[in-house]
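See structure below.
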Amino acid sequence: MSTRPLRALLFLAFLSTAARAAAEPAPGLTASPVLPTAPAQAAAPAPAPRRTVLLLGDSLIATGFGEYLQNQLAAHPRIRCERRAKSSTGLARPDFFDWLEVGQQEVRQHQPDVVVVILGGNDGQALHTRQGRATVAWGKPDWQGEYRQRLTDFVTAISAPGRKIVWLELPATGLHRFEQKLTLIRDLQREVVAGREDAVHLETRPFFTDARGKALKQARVEGFRKPMRLRMTDGVHFTVAGGRYFANKVYPEVLGALGLEAPESGEQHTSRPAAPPVKTALQASAPASPAAPPAAP
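Residue numbers for the sequence shown follow our numbering, so the first one is 166 and each next one is one higher.
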């Protein structure tokens, strides 16, 4: 048999094998499918900074009202609230408690955005120095000028750029002789505070008087089924319901000073009731108790 046809067959077989090899991709060189790139996720926005509120005042801040207000503010997701209070104090007796010094210490420590103040119920008496020396007797012509200066010094001491001061008017009590003194003190406080761009004087009289202008004894309070008595037997300090009532009135005013809105329903915890004070100012031995109206001039 001639070898020429055999060589032709072998050559054709070689060509067929080469063609098949060329059609198949080499191992390890198979291209992977190109998948679409997932868009980069935007970084989560940083949480808004919390704002700080500082409450300063006498027994009204020390007891139910102050506790309720602090609880309400602290329950807001964007607020941190601090409180410093001392019963039977004011600006008249720095020898007993020096609010000028304490106020400076508190704002320096907490750096608040808003300071809420209620003071003055104990100030209807002679003004004293830090050393305890009486300078001007209550009712004397110079009393108003010196008290006005003490107010100015205190408000200036707790102020700072960008900080707001909310000064609460002393609530109406319905105690005639006490109100005679409080009227003068309220007027001086309003004059000093209203004259500042960084301060707000919050009128509280509408909260505690009826349509005829008489002191409100009862009111409907959130969390209570029936109208509740607002004052304790001394006529000045608040009952548990009264403290809550007052706090509910002041709370939105503080939010306004901060430029914040109340949280959505369910975000804010319910303030727990404050226990009534163990000792009222009528029982306190400190000078010029706010519960007992100071002696008539």
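No residue lacks a Cβ here, since even glycine has one placed at the ideal position from N, Cα and C.
Going by beta carbon distance, what residues of the same chain come within less than 7 Å of S324, once the five residues before and after it are set aside?
By one-based count along the sequence shown, residue 324 stands at place 159. Same-chain partners within the cutoff: I330, D363.
Kindly indicate the opening and closing residues of the beta strand (DSSP E) around H366.
Here residue 366 corresponds to residue number 201 of the sequence shown, with the count starting at 1. Where H366 is concerned, the enclosing beta strand (DSSP E) starts and stops at 364-367.
Where do the ends of the alpha helix (DSSP H) carrying R385 lie?
One-based indexing of the sequence shown puts residue 385 at position 220. Note, R385: premise wrong, no alpha helix (DSSP H); not H, not E.
Rounded to the nearest angstrom, what separates L349 and P214 at their Cα positions?
Start at 1 with the first residue of the sequence shown, and residue 349 comes out as number 184. Start at 1 with the first residue of the sequence shown, and residue 214 comes out as number 49. Near 40 Å, if we compare the C-alpha coordinates of P214 and L349.
State buried or exposed for V241, treating a residue as buried only when at least 16 other CB atoms are found within 10 Å of its CB.
For the purposes of this step, residue 241 is taken as residue 76 along the sequence shown, with counting starting at 1. Looking at the sequence provided, one finds His at residue 241 rather than Val. So H241 ends up on the buried side.
Find the nearest neighbour of G231 within the set L425, G421, F403, judged by alpha-carbon distance.
Residue 231 sits at position 66 when you count from the first residue of the sequence shown. Per the Cα distances, F403.
Please give me, in chain order, every unbroken run of the alpha helix (DSSP H) with length at least 4 that falls completely inside the stretch 217-271.
224-227, 229-240
If you count every other CB in all the chains shown that lies within 10 Å of the CB of K379, and 16 or more means buried, which is it?
Here the question's residue 379 lines up with position 214 in the sequence shown. Exposed.
With three or more beta-carbon pairs closer than 8 Å as the criterion, would you say the stretch 391-399 touches the stretch 313-320?
no
Examine chain C for any beta-carbon lying closer than 8 Å to the beta-carbon of A250, and answer yes or no.
Considering every chain present, this structure includes no chain C. It has just one protein chain.
Please determine, among E344, W332, G297, the residue with the shortest C-alpha to C-alpha distance to H366.
Reading the sequence shown from its first residue, position 201 is the one you call residue 366. With distances taken between Cα atoms, H366 lies closest to W332.
Would a C-beta distance cut-off of 8 Å place W308 and L284 closer than the cut-off?
Numbered from its first residue, the sequence shown carries residue 308 at position 143. Numbered from its first residue, the sequence shown carries residue 284 at position 119. In this structure, L284 does not lie closer than 8 Å to W308 by Cβ.
Would you give the residue range spanned by the beta strand (DSSP E) that W332 belongs to?
Within the sequence shown, numbered from 1, the residue matching residue 332 stands at position 167. Element bounds for W332: 329-333.
For A250, which residues of its own chain have a beta-carbon under 6 Å away from its beta-carbon, when the five flanking residues on both sides are left out?
In the sequence shown, counting from the first residue as 1, residue 250 sits at position 85. Same-chain partners within the cutoff: G222, I226, A227, G231.
Give me the Cα-Cα distance between S436 and A412, rounded to the nearest whole angstrom.
On the sequence shown, position 271 is the one that residue 436 refers to. On the sequence shown, position 247 is the one that residue 412 refers to. Residue placement at S436 is flagged as unreliable, the pLDDT there being 42, under the threshold of 50; a coordinate-derived value is accordingly withheld.
Pull up the distance between the alpha-carbon of E271 and that of L219, whole angstroms please.
Taking the sequence shown and counting its residues from 1, one reaches residue 271 at position 106. Taking the sequence shown and counting its residues from 1, one reaches residue 219 at position 54. For E271 and L219, the gap between their C-alpha atoms comes out near 8 Å.
Under the three-state reduction of DSSP, which class applies to T317: helix, strand or coil?
As a position in the sequence shown, residue 317 is number 152, starting the count at 1. Helix.
With DSSP collapsed to three states, give me the class of A325.
Your numbering for residue 325 matches position 160 in the sequence shown. A325 falls in the coil class under three-state DSSP.
Which term fits A302, buried or exposed, when burial requires 16 or more other beta carbons within 10 angstroms of its beta carbon?
The residue you call residue 302 lines up with position 137 of the sequence shown. Flag for A302 reads exposed.
Can you give the Cα-Cα distance for T300 and P306, rounded to whole angstroms?
In the sequence shown, the residue the question calls residue 300 occupies position 135. In the sequence shown, the residue the question calls residue 306 occupies position 141. Cα to Cα, T300 sits roughly 12 Å from P306.
Look at the alpha carbon of R243 and the alpha carbon of L423, and state the distance between them as a whole number of angstroms.
Locating residue 243 in the sequence shown gives position 78, counting from the first residue. Locating residue 423 in the sequence shown gives position 258, counting from the first residue. Straight-line Cα distance between these residues: approximately 10 Å.
Expressed to the nearest angstrom, what Euclidean distance is found between the alpha-carbon atoms of P336 and P277?
Here residue 336 refers to the residue found at position 171 when the sequence shown is read from its first residue. Here residue 277 refers to the residue found at position 112 when the sequence shown is read from its first residue. Distance between the alpha carbons of P336 and P277: 25 Å.
When the distance is taken between beta carbons, is L234 closer than 8 Å to V386?
Residue mapping note: residue 386 aligns to position 221 of the sequence shown, counting from 1. Residue mapping note: residue 234 aligns to position 69 of the sequence shown, counting from 1. No, Cβ-Cβ distance for V386 and L234 is not below 8 Å.
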